[in-house]
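One structure below.
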Amino acid sequence: MKKLVKLLIAAAVVSSAASAIAADYQTRIIRFGYGLAEDSNQGHAAKFFAEDLAKRTGGKLKAKGFASASLGNDNQMQNALIGGAQEMTVVSTATLVGIEDSFGIYDLPFVFRNEQEADAILDGSFGKKLIAKLDAKGLVGLVYWENGFRNLTNSKRPIAKMEDMQGVKLRVMQNPVYIDMFNSFGANAIPLAFSELFTALESRTVDGQENPINTIQSSKFYEVQKYLSITKHVYSPWIVLASKKWWDGLSADEKKAIQESAVASRDFERKDSRDSGAKALDVLKLKGMQVTVLTPKELDRMQDAARPAVAKFSANGHAELVKDLQAELAKIRK
Ligand code: TK8
Numbered sequence: 027m028k029k030l031v032k033l034l035i036a037a038a039v040v041s042s043a044a045s046a047i048a049a050d051y052q053t054r055i056i057r058f059g060y061g062l063a064e065d066s067n068q069g070h071a072a073k074f075f076a077e078d079l080a081k082r083t084g085g086k087l088k089a090k091g092f093a094s095a096s097l098g099n100d101n102q103m104q105n106a107l108i109g110g111a112q113e114m115t116v117v118s119t120a121t122l123v124g125i126e127d128s129f130g131i132y133d134l135p136f137v138f139r140n141e142q143e144a145d146a147i148l149d150g151s152f153g154k155k156l157i158a159k160l161d162a163k164g165l166v167g168l169v170y171w172e173n174g175f176r177n178l179t180n181s182k183r184p185i186a187k188m189e190d191m192q193g194v195k196l197r198v199m200q201n202p203v204y205i206d207m208f209n210s211f212g213a214n215a216i217p218l219a220f221s222e223l224f225t226a227l228e229s230r231t232v233d234g235q236e237n238p239i240n241t242i243q244s245s246k247f248y249e250v251q252k253y254l255s256i257t258k259h260v261y262s263p264w265i266v267l268a269s270k271k272w273w274d275g276l277s278a279d280e281k282k283a284i285q286e287s288a289v290a291s292r293d294f295e296r297k298d299s300r301d302s303g304a305k306a307l308d309v310l311k312l313k314g315m316q317v318t319v320l321t322p323k324e325l326d327r328m329q330d331a332a333r334p335a336v337a338k339f340s341a342n343g344h345a346e347l348v349k350d351l352q353a354e355l356a357k358i359r360k
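So the sequence shown is numbered by my numbering: it starts at 27 and just counts up by one.
In structure tokens form, the structure reads like this:
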């Protein structure tokens, strides 16, 4: 009996090894561009993706990371993918709105209460339906990574309430929901590519910006920003994209391997982001940032002030989508 089991196991090992060899992989270089530094949660996860994919494909599919927007900023990379000039990227869903405006749904303020709600919506049918819309635009959406809850920094003054934002020149992502939202808070919202942000802060072209604390740390914004306000106004996803032009030329085995590595990279990235996020605030304080935590009451006031921005998004053909999201959230919260 024991012998038979051993034989069966041996046969199974041989056949799975044979199917790995038989898998249809070609040697390919995948240019994977991203906006943050190599030593950031984006960089760590891009490296993980490349290693995981190499393992799965016996080194045939080689993803090569390009950090710090060296292949272009988020908008430029999206367009390069559509044109077929670049294979893969990870970008903020917020900059996708120029291509598919439904993605603005993720930019509405105070939607998710915690990361678990975000995971459930993004990985569930709601998030998948949005991803499916990209196909017709020349993009293949693979998975969502966590960028995270966004917080405010600036070089002018501590911001403890909305009124403190008056006259603050605040860089926002190139996205109408953000522009409307921050103008409604009283700030002077200035859309700008992330790749130009550090210099703009340093030269005081803008006074402030908003991003998750991981990014504030990995992008060294503490060198040019004194004040940090914990607002968590939006939970911001990143999305891993492939060029559809390129994707359509891949074998089924190659697509499968990339999809599996993308899912593995998502799980790695979310854990890495959450682990480092738990430490980042202390690091930022050590670097000299002055931290203000907004009270729930002030956050409620901000949410109220942003209602017209939400209503405008709804009225621009997205009423159904907003309702869908609310219904999905209600299900999760039950
Ligand atoms: C990096 C950006 C960044 C985003 C932003 O390329 O633009 O503020 O939060 O992470 O995608």
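Ideal placement from N, C-alpha and C gives every residue a C-beta, glycine not left out. What you are looking at is a predicted structure, and each value in this text was computed from that prediction instead of being measured.
Please state whether DSSP places residue i in a helix, a strand or coil.
i, result
"threonine 179", "strand"
"alanine 89", "strand"
"glutamate 354", "helix"
"arginine 82", "helix"
"serine 262", "strand"
"alanine 268", "strand"
"lysine 195", "strand"
"valine 40", "The predicted model places valine 40 with a pLDDT of 46, which falls under 50 and marks its position as unreliable; any figure quoted below should be read in that light. Residue state, collapsed to three classes: helix."
"leucine 160", "coil"
"asparagine 237", "strand"
"glycine 109", "helix"
"tyrosine 51", "coil"
Within this structure, are the beta carbons of residue i and residue j separated by less than 9 Å?
i, j, result
"tyrosine 253", "serine 181", "yes"
"proline 135", "valine 336", "yes"
"glutamate 222", "valine 198", "no"
"glutamine 251", "leucine 227", "yes"
"phenylalanine 224", "glycine 61", "no"
"alanine 306", "isoleucine 239", "yes"
"lysine 271", "glycine 124", "no"
"histidine 259", "leucine 178", "yes"
"isoleucine 265", "leucine 122", "yes"
"leucine 355", "phenylalanine 138", "yes"
"tyrosine 170", "threonine 119", "yes"
"alanine 345", "aspartate 206", "no"
"glutamine 192", "alanine 215", "no"
"serine 291", "alanine 144", "no"
"phenylalanine 58", "phenylalanine 294", "no"
Ligand 1 heavy atoms versus the CB of residue i: any closer than 8 Å?
i, result
"valine 117", "yes"
"glutamine 251", "no"
"proline 238", "yes"
"isoleucine 102", "It is glutamine, not isoleucine, that sits at residue 102 in the sequence shown. Result no, Cβ not under 8 Å from ligand 1."
"threonine 121", "yes"
"alanine 219", "yes"
"arginine 2", "Because the chain here runs from 27 to 360, residue 2 falls outside it and cannot be looked at."
"methionine 207", "no"
"tyrosine 60", "yes"
For the alpha helix (DSSP H) containing residue i, list its first residue and its last residue.
i, result
"arginine 327", "322-331"
"valine 117", "From DSSP, valine 117 is part of no alpha helix (DSSP H) but of the beta strand (DSSP E) over 114-118."
Locate the beta strand (DSSP E) running through residue i, then write down its first and last residues.
i, result
"serine 302", "Careful: serine 302 lies outside any beta strand (DSSP E), inside the alpha helix (DSSP H) at 278-312."
"glutamine 316", "316-319"
"asparagine 214", "214-217"
"lysine 224", "Sequence check: residue 224 is phenylalanine here, not lysine. Premise fails: phenylalanine 224 lies in the alpha helix (DSSP H), 223-228, not in any beta strand (DSSP E)."
Below 8 Å on the Cβ atoms is my guess for residue i versus residue j; work out the distance and round it to an integer in Å.
i, j, result
"isoleucine 56", "glutamate 113", "4 Å"
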